[in-house]
Amino acid sequence: MSEQTLLAAQGVVKRFGANTVLAGVDFTVRSGEAVGIVGPNGAGKTTLLAALSGSVNVSAGTISLRGQDISMLDAARRCRLGIARSHQVPRPFGGLTVFENVLTAAQQGGGFRREEAYDRSIDAIELCGMMSVANRRAEALGLLDRKRLELTRALATNPELLLLDEIGGGLTDGEAIELVGTIRTLRQRNITIVWIEHIVHLLVQVVERLVCMDAGRVIADGPPNAVLSDAAVVSAYLGGHPA
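Structure below.
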């Protein structure tokens, strides 16, 4: 394993009953890298993120972080080791304020004591542009701010690896561009990013590498332009028309 490899999935299989969703995925991420994952619906993208974060257990294969096998660790343990995830559908505590949501993530997810958790929460809220709504209840937020809150809560845990699941979904072009600006700033903090997104033009503004999945397998991996012009990707994901 390369000294620069932060995360490695080797031969990862996930079955739900008779249904095989991940069929032997090999996938590595280098420290500081930004990787985008694309593919048709049902390709196994979100299940792969769930397996990497510990939300689901793998049926076979291994997942390693900095060379340590974490395959049997739950999501809470992986979060303490530096893996954070945002969800496609925001899941805030509606009755809590933005600040209280973020502070809870820092304390319960990141494991920080109150003073440090407070500082990390303020830093994440400022970075994600949520200071003006910090005292607003999460249930009163619009979709863009709910998406921002997902990202902010993840950042408050102090992740080394950030897993994003369609964070641009459902937003207007202008809102999505705002969010891309925030994600770009994370690169300056050397946070490694793995980002699933159907809106390809958003991905290519941030990522340096693109992975395409189909039927639970990786079918292409490389520079975005090369992947998007790959014949297998064009056939499986782009409807026969290069992006």
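Under the UniProt record's numbering, think of the first position of the sequence shown as 1, with each following residue one higher.
Glycine is no exception: its CB is placed at the ideal position from the N, C-alpha and C atoms.
With the rule of 3 Cβ pairs closer than 8 Å, the segment 202-215 counts as touching the segment 24-43. Contact annotation: the segment 49-59 does not touch the segment 180-192, with fewer than three C-beta pairs closer than 8 Å. Note that the C-beta distance between V21 and G11 is not below 9 Å.
One Cα belongs to R209, the other to A23, and the distance between them is close to 22 Å. When C-beta atoms of the segment 68-83 are compared with those of the segment 125-133, fewer than three pairs fall below 8 Å, so the two segments do not count as touching. Here D119 is exposed, its C-beta having fewer than 16 other C-beta atoms within 10 Å. Listed in chain order, the non-local C-beta contacts of P223 below 8 Å within the same chain comprise E208, R209, L210, local neighbours out to five positions each way being set aside. Every unbroken stretch of the beta strand (DSSP E) spanning 3 or more residues and falling wholly within the segment 57-142 is given here in chain order: 60-65, 83-86.
In this structure, DSSP gives N19 an extended state, which the three-state scheme calls strand. With contact defined as three or more Cβ pairs closer than 8 Å, the segment 132-151 and the segment 96-110 are in contact.
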